[in-house]
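Chains as they are written, first to last, in our numbering: chain G, 191 to 436; chain D, 124 to 594.
#1: For residue 344 of chain D, would you say it is in contact with chain G, using Cβ-to-Cβ distances shorter than 7 angstroms as the test?
#2: Could you spell out the range, first to last residue, of the beta strand (DSSP E) harbouring residue 400 of chain G?
#3: Within the same chain, show all residues whose beta-carbon is closer than 6 angstroms to that of residue 198 of chain D, passing over the 5 residues directly before and after it, in chain order.
#4: Please decide whether residue 215 of chain G counts as near chain D, where near means a Cβ-Cβ distance under 7 angstroms.
#5: Can you name, in chain order, every residue of its own chain whose Cβ lies under 7 angstroms from the Cβ of residue 220 of chain G, other than the five neighbours on each side?
#6: Flag this pair as yes or no: are the beta carbons of residue 340 of chain D and residue 327 of chain D separated by less than 7 angstroms?
#7: When you compare the CB of residue 276 of chain G with every CB in chain D, is at least one pair closer than 7 angstroms?
#8: I'd like the list of long-range same chain contacts for residue 541 of chain D, defined as Cβ closer than 7 angstroms, with 5 residues on each side in sequence excluded.
#9: Starting from residue 346 of chain D and walking both ways along the alpha helix (DSSP H), at which residues does that stretch end?
#10: Less than 7 angstroms between the beta carbons of residue 390 of chain D and residue 342 of chain D, yes or no?
#11: Please name the residue, chosen from D:537, D:332 and D:301, that lies closest to residue 619 of chain D on a Cα-to-Cα basis.
#12: Which residues, in order along the segment 501–514 of chain D, keep a beta-carbon less than 8 angstroms from a beta-carbon of chain G?
#13: Answer with buried or exposed for residue 316 of chain D, where buried requires no fewer than 16 other C-beta atoms within 10 angstroms of its C-beta.
#14: Please confirm whether any heavy atom of the ligand HEM lies closer than 6 angstroms to the CB of residue 274 of chain D.
#15: Taking the beta strand (DSSP E) that residue 428 of chain G belongs to, which residues open and close that run?
#16: Let me confirm a value: residue 437 of chain G is counted as buried when at least 16 other C-beta atoms fall within 10 Å, else exposed. Which label applies?
#17: Per DSSP, what kind of secondary structure is residue 367 of chain G in: helix, strand or coil?
#18: Residue 179 of chain D versus chain G: which residues are under 7 angstroms apart at the beta carbon?
#19: What does the Cβ neighbour count give for residue 403 of chain G, buried or exposed, with the cut at 16 atoms within 10 Å?
#20: Beta carbon of residue 426 of chain G, beta carbon of residue 312 of chain G: below 7 angstroms?
#21: Given 8 angstroms as the limit, is there contact between the segment 278–292 of chain G and the segment 344–356 of chain G, that is, 3 or more CB pairs closer than that?
#22: Tell me which residues share the same chain as residue 498 of chain D and place their Cβ nearer than 7 angstroms to its Cβ, disregarding the 5 neighbours each side in the sequence.
#23: On the DSSP letters alone, give me the boundaries of the alpha helix (DSSP H) that residue 471 of chain D sits inside.
#24: Let me know if residue 318 of chain G comes out buried or exposed under the rule of 16 or more other beta-carbons within 10 Å of its beta-carbon.
#25: Please name the residue, chosen from G:304, G:353, G:345 and G:364, that lies closest to residue 280 of chain G on a Cα-to-Cα basis.
#26: Count Cβ pairs between the segment 430–449 of chain D and the segment 381–390 of chain D that sit closer than 8 angstroms; are there 3 or more?
#27: I'd like to check one pair, residue 495 of chain D with residue 376 of chain G: are the Cβ atoms closer than 7 angstroms?
#28: Can you find at least 3 beta carbon pairs, one from the segment 320–336 of chain G and one from the segment 358–371 of chain G, that sit closer than 8 angstroms?
#29: When burial is assigned at 16 or more other CB atoms within 10 Å of the CB, is residue 236 of chain D buried or exposed?
#30: Short of 8 angstroms in beta carbon distance, which residues of its chain neighbour residue 247 of chain D, apart from the five on each side in sequence? Order them along the chain.
#31: Could you tell me if residue 422 of chain G is buried or exposed, where buried requires 16 or more neighbouring beta carbons within 10 angstroms of its beta carbon?
#32: In terms of alpha-carbon separation, which member of G:272, G:400, G:414 and G:344 lies closest to residue 347 of chain D?
#33: Tell me which same chain residues have a C-beta within less than 8 angstroms of the C-beta of residue 531 of chain D, skipping the five on either side of it?
#34: One question on the structure: do residue 424 of chain D and residue 408 of chain G come within less than 7 angstroms of each other, judged by their Cβ atoms?
#35: Interface residues of chain G around residue 207 of chain D at Cβ under 8 angstroms?
#36: How about residue 483 of chain D and residue 461 of chain D: do their beta carbons lie closer than 7 angstroms?
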């Protein structure tokens with residue numbers, strides 16, 4: 191089998207015989223992406239109301255259901271309400287350290303049996319058991335790292351306390367966020383993607399980032415739009431005006 | 124590829140005779156065209172971004188070795204393994220080795236043209252690994268033992284009734300012909316597979332060199348399942364899929380879904396980097412990236428270089444007057460449509476497309492629809508030229524054109540040709556059109572009309588006008 195040197199050598203040789211089609215440059219990258227991302231966050235904080243409104247419009251356009259509460263204390267009622275209307279009985283939720291609140295207990299106390307995801311990796315046997323719980327859950331409760339106004343998307347980083355499948359296996363995904371997550375455009379997402387990959391990866395970080403735009407959908411049978419083919423059939427975003435804390 | 128035992132002409136004729144296919148193609152492609160148009164109309168910066176995206180692709184190709192090297196280093200730095208496949212055969216062997224070593228019995232796949240290209244499913248089956256396609260459209264055509272007919276809508280040629288029959292046979296029970304019901308059934312069946320599978324196999328819409336990230340774009344969420352649940356993830360990508368950085372990636376994301384389905388973004392854009400990390404509950408224990416050449420590298424300096432910028436969005440299929448009539452299967456290879464002809468030539472050599480190179484009206488709609496403005500017509504002409512130089516056309520056709528070329532160089536004879544043709548066409552011409560010609564000329568009129576030679580030619584009328592103006 192070909193090795194790296196031979197494989198790349200052949201590519202290099204081919205490139206050596208051509209000048210290419212035209213003069214071209216790649217996109218310049220920010221030299222200090224973390225600082226730029228921080229500056230951007232501060233700028234965005236000044237106009238979060240407009241950004242939130244555009245986000246709401248786009249999020250609803252892609253089939254999301256938008257909710258708004260004044261304080262974090264009101265959010266569990268919204269989540270329990272969503273579950274009750276859909277006769278959903280069980281939920282899984284990001285670990286409080288990732289979510290910024292200790293809702294799992296509150297949710298369970300109010301009648302939605304909620305399993306908290308572990309704060310980190312676990313032994314194989316426990317992982318198997320948890321997978322069964324996740325696969326059987328009706329509702330997945332997560333936080334949001336970015337809420338993108340241009341596209342109505344939610345960006346979620348995987349990692350400690352925030353397993354990938356929380357927003358994937360349950361038929362109902364409820365994501366809670368506050369103004370700190372709001373960005374305006376895809377190109378701003380690009381800045382954060384650069385910042386998130388700058389330097390050493392924080393120990394809590396996982397290997398996956400998902401940009402979620404509406405519910406799981408397909409039009410593969412006679413172009414009939416159908417929701418919830420593999421992932422959630424409904425996606426809810428709960429905006430907490432007073433902030434999530436944590 | 125059993126389709127190839129029949130010549131293209133026959134495959135196309137079969138497709139043209141299939142009324143349902145015709146209808147399905149018209150509805151699907153028209154809908155995709157409208158959605159795409161609306162998406163770009165609502166996105167004024169789209170035009171400039173298309174040029175940006177094309178420039179990034181070109182700049183990447185000019186230093187492809189450099190960016191691949193970065194990609195490889197980063198994948199390895201995060202605990203992934205990189206494999207190098209010169210050919211489809213190599214790629215299959217690499218993946219089978221991984222399957223064997225990890226004791227995999229069940230593989231779930233998210234939609235990937237690259238794995239179609241290397242005929243992976245058959246190889247897996249032979250090796251005792253059951254491959255399950257998890258994109259709903261791909262799942263349907265896998266049950267039907269067919270190939271995708273459209274890059275992004277693989278089963279557009281199937282009715283819901285046909286899908287219900289396939290599911291009923293698979294499940295051994297009657298199934299209602301309702302897309303909603305059928306989708307729910309597929310969800311249940313495939314959910315089980317996701318949870319049981321040992322191996323997750325994907326392509327890559329992009330791979331980011333500066334981070335070692337593989338990017339998958341799906342609407343159903345199967346790309347997420349396949350990269351989260353099985354204990355081994357193998358991603359297969361053509362070498363041209365690498366993009367330098369996240370800053371470049373977002374440029375492509377901004378135009379890809381708009382071109383494909385008219386969405387601003389597909390439901391899920393999934394970025395995965397290496398195997399599961401220590402802090403994580405889920406994710407594969409092993410991550411493998413297979414870099415695939417399979418004819419691509421020699422086009423870096425070849426006539427098909429531009430085709431290496433293709434994003435596989437399918438926009439050129441929808442607007443192509445030929446694709447809209449015959450659909451994907453008639454092309455006979457993995458990649459259909461205008462771009463498919465070029466990719467087929469890239470993968471299988473120019474000889475494979477001697478008929479297909481002519482399956483285009485050269486109208487240019489494909490180039491206009493292409494998010495990165497690939498000049499497909501130009502390359503189709505190159506392929507035709509190559510075919511002419513290698514004398515692929517039948518002797519009769521070449522003779523006719525040689526006589527015609529000669530005629531054009533001799534004005535005296537050329538002037539004579541019109542009156543002669545007017546006499547000769549008499550038995551065949553009616554209402555200004557020739558609908559059927561004898562002998563091998565009949566090929567020309569088999570599926571189209573030839574305008575009859577005019578009662579008076581342009582030069583005759585010109586001469587007349589000149590006389591009139593003088594008098």
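Virtual Cβ for every residue (Gly too), placed ideally from N, Cα, C.
To lay it out plainly:
#1: As a working note, residue 344 of chain D is residue 221 in the second chain. Yes - at least one Cβ of chain G is within 7 angstroms of the one on residue 344 of chain D.
#2: Numbered from 1 along the first chain, position 210 holds the residue referred to as residue 400 of chain G. Here the beta strand (DSSP E) through residue 400 of chain G covers 395–402.
#3: The sequence position of residue 198 of chain D within the second chain is 75, counting from 1. Once the five neighbours on either side are set aside, the close Cβ partners of residue 198 of chain D are 205, 335 and 412.
#4: Reading the first chain from its first residue, position 25 is the one you call residue 215 of chain G. At least one chain D Cβ lies under 7 angstroms of residue 215 of chain G.
#5: Mapped onto the first chain, residue 220 of chain G falls at position 30. Closer than 7 angstroms at Cβ, skipping near neighbours: 226, 381 and 384.
#6: As a position in the second chain, residue 340 of chain D is number 217, starting the count at 1. As a position in the second chain, residue 327 of chain D is number 204, starting the count at 1. Not a contact, by the Cβ cut-off of 7 angstroms.
#7: For the purposes of this step, residue 276 of chain G is identified with residue 86 of the first chain, where counting begins at 1. Answer no: the Cβ-Cβ gap between residue 276 of chain G and chain D never drops below 7 angstroms.
#8: What you label residue 541 of chain D is simply residue 418 of the second chain in a count that begins at 1. Excluding sequence neighbours, residue 541 of chain D sits near 576 and 580.
#9: In the second chain, residue 346 of chain D corresponds to position 223, counting from 1. Segment 345–351, the alpha helix (DSSP H) holding residue 346 of chain D.
#10: The count along the second chain starts at 1 and reaches residue 390 of chain D at position 267. The count along the second chain starts at 1 and reaches residue 342 of chain D at position 219. Yes. Within cutoff.
#11: In the structure displayed, chain D extends from 124 to 594; residue 619 of chain D sits before or after that span and is not available.
#12: none
#13: On the second chain, residue 316 of chain D is found 193 positions in, with the first residue counted as 1. Under this definition residue 316 of chain D is a buried residue.
#14: Only the bare structure without any ligand can be found here, which leaves the ligand HEM out of the picture.
#15: Here residue 428 of chain G refers to the residue found at position 238 when the first chain is read from its first residue. Residues 424–430.
#16: The requested residue 437 of chain G is not part of the displayed model; chain G covers only 191 to 436.
#17: Numbered from its first residue, the first chain carries residue 367 of chain G at position 177. Residue 367 of chain G falls in the strand class under three-state DSSP.
#18: Looking up residue 179 of chain D in the second chain gives position 56. Chain G residues near residue 179 of chain D: 216 and 217.
#19: What you label residue 403 of chain G is simply residue 213 of the first chain in a count that begins at 1. By the 10 Å Cβ count, residue 403 of chain G comes out buried.
#20: Residue numbering aside, residue 426 of chain G sits at position 236 when the first chain is read from its first letter. Residue numbering aside, residue 312 of chain G sits at position 122 when the first chain is read from its first letter. In this structure, residue 312 of chain G does not lie closer than 7 angstroms to residue 426 of chain G by Cβ.
#21: yes
#22: Counting from 1 along the second chain, the entry for residue 498 of chain D is found at position 375. Hits under 7 angstroms: 429 and 490.
#23: Taking the second chain and counting its residues from 1, one reaches residue 471 of chain D at position 348. Residue 471 of chain D -> alpha helix (DSSP H) spans 460–471.
#24: Here residue 318 of chain G corresponds to residue number 128 of the first chain, with the count starting at 1. With fewer than 16 other Cβ atoms within 10 Å, it is exposed.
#25: In the first chain, the residue the question calls residue 280 of chain G occupies position 90. Out of G:304, G:353, G:345 and G:364, G:304 has the C-alpha closest to the C-alpha of residue 280 of chain G.
#26: yes
#27: Here residue 376 of chain G corresponds to residue number 186 of the first chain, with the count starting at 1. Here residue 495 of chain D corresponds to residue number 372 of the second chain, with the count starting at 1. Cβ distance not < 7 angstroms, so residue 376 of chain G and residue 495 of chain D don't count as in contact.
#28: yes
#29: Here the question's residue 236 of chain D lines up with position 113 in the second chain. Residue 236 of chain D comes out buried.
#30: The residue you call residue 247 of chain D lines up with position 124 of the second chain. Correct list, in chain order: 218, 219, 222, 230, 253 and 254.
#31: Within the first chain, numbered from 1, the residue matching residue 422 of chain G stands at position 232. Buried, because 16 or more other Cβ atoms sit within 10 Å of the Cβ of residue 422 of chain G.
#32: Within the second chain, numbered from 1, the residue matching residue 347 of chain D stands at position 224. Per the Cα distances, G:400.
#33: Counting from 1 along the second chain, the entry for residue 531 of chain D is found at position 408. So the qualifying residues of the chain are 537.
#34: Residue numbering aside, residue 424 of chain D sits at position 301 when the second chain is read from its first letter. Residue numbering aside, residue 408 of chain G sits at position 218 when the first chain is read from its first letter. Not closer than 7 angstroms, so no.
#35: As a working mapping, residue 207 of chain D is identified with position 84 in the second chain. Ordered by position in chain G, the residues that pass the 8 angstroms Cβ test against residue 207 of chain D are 191, 192, 193, 194, 196 and 197.
#36: Against the second chain, residue 483 of chain D aligns to sequence position 360. Against the second chain, residue 461 of chain D aligns to sequence position 338. Going by C-beta atoms, residue 483 of chain D is nearer than 7 angstroms to residue 461 of chain D.
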